[in-house]
Amino acid sequence: MSTSDYWSSLHPTTPPALVQSTYASLLKAYGSSSRHYHNWSHIQQLIHLYETYVQQIADREAVLFSIFFHDIIYNARKSDNEEKSAAAAVAHLQKIGYPVAQTEKISDFIIATKTHLNTHQDPDIDYFLDFDLQILGSDPVTYRAYTGQIRQEYHIYPDLLYKPGRKKVLQHFLEKPVIYVTPVFRELYETNARQNIQAELNTL
Numbered sequence: 001m002s003t004s005d006y007w008s009s010l011h012p013t014t015p016p017a018l019v020q021s022t023y024a025s026l027l028k029a030y031g032s033s034s035r036h037y038h039n040w041s042h043i044q045q046l047i048h049l050y051e052t053y054v055q056q057i058a059d060r061e062a063v064l065f066s067i068f069f070h071d072i073i074y075n076a077r078k079s080d081n082e083e084k085s086a087a088a089a090v091a092h093l094q095k096i097g098y099p100v101a102q103t104e105k106i107s108d109f110i111i112a113t114k115t116h117l118n119t120h121q122d123p124d125i126d127y128f129l130d131f132d133l134q135i136l137g138s139d140p141v142t143y144r145a146y147t148g149q150i151r152q153e154y155h156i157y158p159d160l161l162y163k164p165g166r167k168k169v170l171q172h173f174l175e176k177p178v179i180y181v182t183p184v185f186r187e188l189y190e191t192n193a194r195q196n197i198q199a200e201l202n203t204l
């Protein structure tokens, strides 16, 4: 399925015009010229991972909605992007009459990307967060491209400010007992992720 097909599948009773207009809004947000990593390609990559592990996911709608909305608000100058992205998801879900409990759940999923900690003991969040962090365990060439894209998104900050902040983020991941929570992601990506992160730290 295409990303637009997935979006449509989440709205079986929503007027087609609203489905199309909100999809266009997603494309516009993720297509901003200020985005170099947190863009539509990132969403497509997460959907690809969703397709790969869909059989392990219980609430597929919650994960898909979370994928679409989790970075809809992204401003390198701000520290509340996750909360604002969650609020955007809630506004849309309320507009289409989505169940309140499910809406709150999706909001929780998105806010969890701020710390990448699952405080709700929901296995679906584990997969969603591991999807979001898969890039850390990619091959070295892909990882270096990712670090360049992140640096572009933070181009407003000189190295004097950027490097200490980036170091703090990377050291946080290395200090965790595990970066990936699901066994399958840990087996596939944990070693690579730690090697990639250490290699980047050595350049900062």
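Each residue of the sequence shown is one higher than the one before, counting from 1 in UniProt numbering. Glycine is no exception: its CB is placed at the ideal position from the N, C-alpha and C atoms.
Asked, Found
"Between the CA atoms of Glu175 and Ser32 - distance to the nearest angstrom", "33 Å"
"Cβ-based neighbour list, Ala76, same chain, cut-off 7 Å, excluding 5 preceding and 5 following", "Glu153, Tyr154 and Ile156"
"Three-pair Cβ contact test at 8 Å for the region 132-140 versus the region 187-195", "yes"
"Nearest-angstrom Cβ-Cβ length linking Leu204 and Lys163, presumed shorter than 8 Å", "5 Å"
"Status (buried if at least 16 other CB within 10 Å, exposed otherwise) for Lys105", "buried"
"Per-residue burial, Asp80 [other beta carbons within 10 Å of its own, 16 or more giving buried]", "exposed"
"Helix, strand or coil at Tyr146 [DSSP, three-state]", "helix"
"Other residues of its chain near Val19: CB distance less than 8 Å, five sequence neighbours each side excluded", "Trp7, Ser8 and His11"
"Inter-residue spacing [alpha-carbon to alpha-carbon] between His169 and Ser85", "Note on residue identity: the sequence assigns Val, not His, to residue 169. The straight-line gap from Cα to Cα measures roughly 21 Å."
"Straight-line gap, Phe185 to Thr52 (C-alpha atoms, nearest Å)", "12 Å"
"Distance between beta carbons of Tyr37 and Ile150, contact taken as under 8 Å", "6 Å"
"Counted within 10 angstroms of its Cβ, other Cβ atoms place Ala88 as buried (16 or more) or exposed", "buried"
"Beta-carbon separation (whole angstroms), Asn196 vs Tyr143, contact threshold 8 Å", "4 Å"
"Exposure label - Leu161; buried when at least 16 CB within 10 Å", "exposed"
"Identity of the residue in Ala17, Arg166 and Ser107 nearest Glu61 by Cα", "Ser107"
"Terminal residues of the alpha helix (DSSP H) in which Ile197 lies", "Pro183 to Leu201"
"Per-residue DSSP class, three states only, for Pro140", "helix"
"Pick from Gly97, Phe128 and Leu27 that is closest to Ala112, judged by C-alpha positions", "Phe128"
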